[in-house]
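Asks:
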Amino acid sequence: ILPSGGNLSTFNSGNPVQFFIYSGQEIAPNSLNTDDNGNIYVTGPYSIAGGYDTTVRKFSSSGVLDNSFTAQAGGSSARSVSYPGFVFDASDNTSYSYGMDQNYKMLIAKKTATGTSDTSFGTNGVALVDFTDTYYDNVKSITGYEFGSSFKIILTGRTRAQSTAALANISLARIDANGILDTTFGTSGKISIPTLLSTYTGNLFSAIDYDNGKLYVMGFSATGIVS
Numbered sequence: 054i055l056p057s058g059g060n061l062s063t064f065n066s067g068n069p070v071q072f073f074i075y076s077g078q079e080i081a082p083n084s085l086n087t088d089d090n091g092n093i094y095v096t097g098p099y100s101i102a103g104g105y106d107t108t109v110r111k112f113s114s115s116g117v118l119d120n121s122f123t124a125q126a127g128g129s130s131a132r133s134v135s136y137p138g139f140v141f142d143a144s145d146n147t148s149y150s151y152g153m154d155q156n157y158k159m160l161i162a163k164k165t166a167t168g169t170s171d172t173s174f175g176t177n178g179v180a181l182v183d184f185t186d187t188y189y190d191n192v193k194s195i196t197g198y199e200f201g202s203s204f205k206i207i208l209t210g211r212t213r214a215q216s217t218a219a220l221a222n223i224s225l226a227r228i229d230a231n232g233i234l235d236t237t238f239g240t241s242g243k244i245s246i247p248t249l250l251s252t253y254t255g256n257l258f259s260a261i262d263y264d265n266g267k268l269y270v271m272g273f274s275a276t277g278i279v280s
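Start counting the sequence shown at 54; every next residue gets the next number (my numbering).
If you want it as structure tokens, here you go:
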């Protein structure tokens, strides 16, 4: 759409593009991103085998589907049991999906600019973080930032013991750009903050103050209380 409100004639002749994110599956898009060349990336997770796979469709600036882009990557190893999140890195057109793996560990998967698994990240493109004495370890937000001369990624999520009555923690882990846990952060790379909630799926939001490197996390810590 043009700034004036009219349709852009060079985009699919001024008409909306209609497409399946994944044919045969009912998928609700959960993100829309663009790169420096005007390409468009539409993302949506779909339910499969007790979890969710993340599918990404790439279109040119004129609305043409790029069939050379890998729409799905990682298979079951990148599948999240919880509803996954997605972050696009426009600096190099890579992307990350995140959530909780089949063994209830924090999960983050990285894709290359062509949509394939980035095998230099974690194990074949997937990094897992397991918190001690917890059963549900679920990433709800990720934040990347420059730390000294290196790049770090903060995984922000919730962890909880197996009992449905158990209280959950807000838990953070820091990994390096290659997906390996950075053990210089917190205690062996991880920290946890107790809450008065039992949920391991409640939303959390994180941000970095790039002037001083301080990390901020926001989310419910008790019923109706945001901390």
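No residue lacks a Cβ here, since even glycine has one placed at the ideal position from N, Cα and C.
#1: Assign Ala275 to buried or exposed, taking buried as 16 or more other Cβ atoms, counted over all protein chains shown, within 10 Å of its Cβ.
#2: Within its chain, find whatever has a CB closer than 6 angstroms to the CB of Asp229; leave out the 5 residues flanking it on each side and keep chain order.
#3: In this structure, what does DSSP give as the bridge partners for Tyr263?
#4: For a minimum of 3 consecutive residues, which ranges assigned as the beta strand (DSSP E) are wholly contained in the stretch 87-142?
#5: In whole angstroms, give me the CA-to-CA distance for Gly197 and Ser133.
#6: Shortest alpha-carbon distance to Ala214 belongs to which of Asn146, Ser245 and Gly168?
#7: Please determine, among Phe200, Gly232, Asn68 and Phe72, the residue with the shortest C-alpha to C-alpha distance to Tyr151.
#8: If we call anything under 7 angstroms between Cβ atoms a contact, is Asn256 one with Lys193?
#9: Taking three-plus beta-carbon pairs below 8 angstroms as touching, is the stretch 184-193 in contact with the stretch 164-171?
Replies: In short, the structure shows the following:
#1: Its Cβ having fewer than 16 others within 10 Å, Ala275 is exposed.
#2: Asp235
#3: In the DSSP secondary-structure assignment, Tyr263 is not bridged to any residue.
#4: 93-101, 104-112 and 138-142
#5: A direct Cα-to-Cα measurement between Gly197 and Ser133 gives close to 20 angstroms.
#6: Distance from the Cα of Ala214 is smallest, within the candidate group Asn146, Ser245 and Gly168, for Ser245.
#7: Gly232
#8: Here Asn256 is near Lys193, since their CB atoms are less than 7 angstroms apart.
#9: Judged by Cβ distances under 8 angstroms, the stretch 184-193 makes no contact with the stretch 164-171, as fewer than three pairs qualify.
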